[in-house]
Amino acid sequence: MERARQENPPWRGKSSAPRRLLSGRESTLLVTMNVEHEINLLVEEIRRLGTKNPDGTLSVKFGVLFADEKCANLFEALVGTLKAAKRRKIVNYPGELLLQGVHDNVDILLLQD
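Residue numbers (full-length UniProt numbering): 1 to 113.
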């Protein structure tokens, strides 16, 4: 028995290719790739907004990063991206969680250049 074909809703566009669900491994890979991409963007923004320290490392204040319009448009969850970068030892900052206003003067240090 042939399954009835549903018409594509207008928001799907003209593609009639069948869609399939991603396996757990595929979805994990996509999420990991997205996080890696966000971390790379974060490193670029730290390079753009940061200042060189006497020891040659780059750092930026959390408030500067948070208030920057380009960063606000790039990062849906800046704090989450910072946490992921810290877990991967790409950046470092004191504490676990940074909050706007409270932690505006906290330095975010770029560990990998």
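Where a beta carbon is used, it is the ideal one built from N, C-alpha and C, also for glycine.
All figures in this text were calculated on a predicted structure; none of them were measured in a lab.
Just how far apart, CA to CA, sit residue i and residue j?
| i | j | result |
| --- | --- | --- |
| Gln112 | Arg47 | 11 Å |
| Lys89 | Glu38 | 15 Å |
| Ala72 | Gly95 | 22 Å |
| Glu44 | Leu65 | 11 Å |
| Ser59 | Ile108 | 5 Å |
Rank the options by C-alpha distance to the C-alpha of residue i and give the top, closest one.
| i | options | result |
| --- | --- | --- |
| Asn34 | Leu74, Val64, Glu45 | Leu74 |
| Leu99 | Gly50, Pro54, Leu82 | Leu82 |
Please work out which residues of its chain come closer than 6 Å, Cβ to Cβ, to residue i, disregarding the five sequence neighbours upstream and downstream, and give them in chain order.
| i | result |
| --- | --- |
| Met1 | For Met1, the predicted structure reports a pLDDT of 49, less than 50, and the residue's modelled location is therefore unreliable. A value from the coordinates is still provided. Hits under 6 Å: none found. |
| residue 118 | Beyond the ends of the chain as shown, which are 1 and 113, falls residue 118; an answer cannot be given. |
What are the residues that DSSP puts in a beta bridge with residue i?
| i | result |
| --- | --- |
| residue 129 | This structure leaves residue 129 out entirely; the chain is present only between 1 and 113. |
Which same chain residues end up closer than 7 Å to residue i when comparing Cβ atoms and leaving out the 5 residues on each side of it in sequence?
| i | result |
| --- | --- |
| Asp55 | none |
Quick check for students: name the residue ranges of the beta strand (DSSP E) that lie wholly in the UniProt domain "Costars" (33-111), counting only runs of 3 or more. 58-61, 107-110
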